[in-house]
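*Asks:* This is the structure, below, for whatever I ask next.
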Amino acid sequence: VTPAASMGLHDLPPFPIPVDKFIEEVESDNASTAAQCCAAFATLATKVPVPRDFRGACRSVMELVERTGNGFGRATKESASAAMAALLACVPGADKHMVQRGVVGKLVAIAVADEEDGEGNETPAAADGTSGTTRRGGVDGMRSLTLNALECIRILAASEHGVSELMKNDEAMDFATRRCDGGDARIAECACDVLCALASRGVAHRTRVKNVGGVGALARALARHGGADEEVALRALLGLAMTCAQDADAQAELVRVDGAVPALLAAQRSGRDAACGISKDLWGSIGKNQTLKKAAMEALRADVERARLVESA
């Protein structure tokens with residue numbers, strides 16, 4: 001429930017940071033001031049409605065995420081990317097302003113660079129408000145910048161200007177699909193969310209997800225995380241339901257992913273209502289095609305044999 005929905009319009013508290021003061025601190029030559037300002041904004045935006053005039057801060061925040069030297073580095077990038085997610089989520093028109101300034105490419109670039117760098121263990125803010133200690137030090141070098149970048153892209157996938165960008169930006173889609181089956185379940189969850197958000201927009205958007213390898217990515221996420229993380233499993237299943245329904249080629253791609261069929265069957269038997277229902281429908285669709293059904297049964301037998309060999313080793 002948003003703050004606006006939980007109280008009357010006349011009861012809403014004013015946003016505690018005026019936009020001109022926010023911009024002034026974001027553009028400060030003091031890296032700590034800029035980082036703390038963005039972190040505070042990202043937190044406040046989850047509690048108090050953000051005024052529309054904060055659209056004017058988009059340029060400053062986007063410039064901060066790329067700023068380097070004199071203390072400007074990972075901490076400011078993480079806080080700035082969290083503030084970008086808050087602006088996109090809360091301020092109408094922010095998506096247009098940021099897309100016009102190349103937000104998607106900038107986010108992907110800083111996240112990939114951070115993954116490759118892999119240094120340090122502290123961060124001041126993540127887009128969902130969790131502590132830096134919780135978010136950093138994840139598996140495979142994936143950290144808050146990756147998570148914040150994916151969250152921004154997920155929000156953009158639900159916006160008019162953002163979805164148009166994602167329909168043509170292969171780099172962004174590759175960034176998301178490659179992180180669906182990473183070792184950090186939080187990253188996988190957010191990456192699956194990106195594909196689900198885009199696929200939910202319509203037929204052309206589902207085709208786009210399939211064309212960039214989304215089915216395989218979602219199936220790998222289910223195979224890797226389905227048994228241990230309910231949130232990843234549900235998002236992977238939702239994405240597969242949208243992309244594989246009535247599409248034999250997509251279903252065949254799903255079946256070919258190692259571990260996906262056993263994970264699908266496990267979800268059907270999990271006792272979790274949503275996961276059970278989706279996996280049952282997917283399993284039913286696969287079963288109607290004799291070729292796919294045979295391939296699925298072979299995958300199950302291969303999984304049983306692998307488990308037997310592990311036990312006997």
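For what it's worth, the UniProt record's numbering labels the leading residue of the sequence shown as 1, then goes sequentially.
The beta-carbon is built from N, C-alpha and C at its ideal position, and this holds for glycine as well.
Mapping DSSP to helix, strand and coil, what is PHE15?
*Replies:* Taking the first residue of the sequence shown as position 1, residue 15 is located at position 15. Coil, per DSSP.
*Asks:* Could you check how far apart the C-beta atoms of LEU64 and ALA80 are, in whole angstroms? I think they sit under 8 angstroms.
*Replies:* Taking the first residue of the sequence shown as position 1, residue 64 is located at position 64. Taking the first residue of the sequence shown as position 1, residue 80 is located at position 80. Their Cβ separation, rounded to whole angstroms, is 4 angstroms, which keeps LEU64 and ALA80 in contact under 8 angstroms.
*Asks:* Of all the options GLN246, GLU189, ASP181 and LEU87, which has the alpha carbon lying nearest to the alpha carbon of GLY216?
*Replies:* Position 216 of the sequence shown holds residue 216. Nearest option by C-alpha distance: ASP181.
*Asks:* How about LEU222 and VAL209: are their beta carbons less than 7 angstroms apart?
*Replies:* Here residue 222 is taken as the residue at index 222 of the sequence shown, counted from 1. Here residue 209 is taken as the residue at index 209 of the sequence shown, counted from 1. Their beta carbons are not under 7 angstroms apart, which means LEU222 does not touch VAL209 by this criterion.
*Asks:* Ends of the alpha helix (DSSP H) at GLY41?
*Replies:* Within the sequence shown, residue 41 is the residue found at index 41, counting from 1. The sequence shown places Phe at residue 41, rather than the Gly named in the question. From DSSP, the alpha helix (DSSP H) with PHE41 extends over 31-44.
*Asks:* How many angstroms separate the CA atom of VAL304 from the CA atom of ARG201?
*Replies:* Within the sequence shown, numbered from 1, the residue matching residue 304 stands at position 304. Within the sequence shown, numbered from 1, the residue matching residue 201 stands at position 201. Roughly 38 angstroms separates the two Cα atoms.
*Asks:* Are the region 283-296 and the region 251-268 touching, with three or more C-beta to C-beta distances below 8 angstroms?
*Replies:* yes
*Asks:* May I ask you to list the residues that DSSP assigns as paired with PHE72?
*Replies:* Position 72 of the sequence shown, counted from the start, is the residue given in the question as residue 72. In the DSSP output, where bridge partners are listed per residue, PHE72 has GLY69.
*Asks:* Going by beta carbon distance, what residues of the same chain come within less than 7 angstroms of VAL26, once the five residues before and after it are set aside?
*Replies:* For the purposes of this step, residue 26 is identified with residue 26 of the sequence shown, where counting begins at 1. Closer than 7 angstroms at the Cβ level, and outside the excluded window around VAL26, lie ALA34, CYS37, CYS38, ALA57, SER60, VAL61 and LEU64.
*Asks:* Go ahead and pull the three-state DSSP assignment for MET242.
*Replies:* Numbered from its first residue, the sequence shown carries residue 242 at position 242. Residue state, collapsed to three classes: helix.
*Asks:* Alpha carbon to alpha carbon, what distance is there between PHE15 and VAL48?
*Replies:* As a first step, residue 48 is located in the sequence shown; it is residue number 48 there, counting from the start. As a first step, residue 15 is located in the sequence shown; it is residue number 15 there, counting from the start. Between VAL48 and PHE15, the C-alpha separation is close to 6 angstroms.
*Asks:* Which residue's Cα is closest to the Cα of GLY73: GLU171, CYS196, ILE110 and ARG186?
*Replies:* Along the sequence shown, read from residue 1 onward, the residue named residue 73 stands at position 73. Residue ILE110 is the option with its Cα nearest to GLY73.
*Asks:* What does a CB cutoff of less than 6 angstroms around ALA158 pick up in its chain, not counting 5 residues either side in sequence?
*Replies:* If you number the sequence shown from 1, residue 158 lands on position 158. Only ALA197 meet the Cβ criterion.
*Asks:* Which of the three DSSP states is assigned to SER312 in this structure?
*Replies:* As a first step, residue 312 must be located in the sequence shown, where it is residue number 312. If DSSP states are grouped into helix, strand and coil, SER312 belongs with the helices.
*Asks:* How many Å lie between GLU78 and GLY118 at the Cα?
*Replies:* Along the sequence shown, one-based indexing puts residue 78 at 78. Along the sequence shown, one-based indexing puts residue 118 at 118. Each residue's alpha carbon lies about 14 angstroms from the other.
*Asks:* Quick check: what's the CA-CA separation for ALA233 versus ASN30?
*Replies:* Within the sequence shown, numbered from 1, the residue matching residue 233 stands at position 233. Within the sequence shown, numbered from 1, the residue matching residue 30 stands at position 30. Rounded to the nearest angstrom, the two C-alpha atoms are 43 angstroms apart.
*Asks:* So what does DSSP say about ASP95, is it helix, strand or coil?
*Replies:* Sequence index remark: in the sequence shown, residue 95 carries index 95 (1-based). Helix.
*Asks:* Is SER144 helix, strand or coil by DSSP?
*Replies:* For this step, residue 144 is matched to residue 144 along the sequence shown. It is helical.
*Asks:* In the DSSP assignment, find the alpha helix (DSSP H) that holds ARG186 and state where it starts and stops.
*Replies:* As a first step, residue 186 is located in the sequence shown; it is residue number 186 there, counting from the start. First-last of the alpha helix (DSSP H) with ARG186: 185-199.
*Asks:* Using 10 angstroms around the beta-carbon of ASP184, count the other beta-carbons present and answer buried if the total reaches 16, otherwise exposed.
*Replies:* Against the sequence shown, residue 184 aligns to sequence position 184. Buried, because 16 or more other Cβ atoms sit within 10 Å of the Cβ of ASP184.
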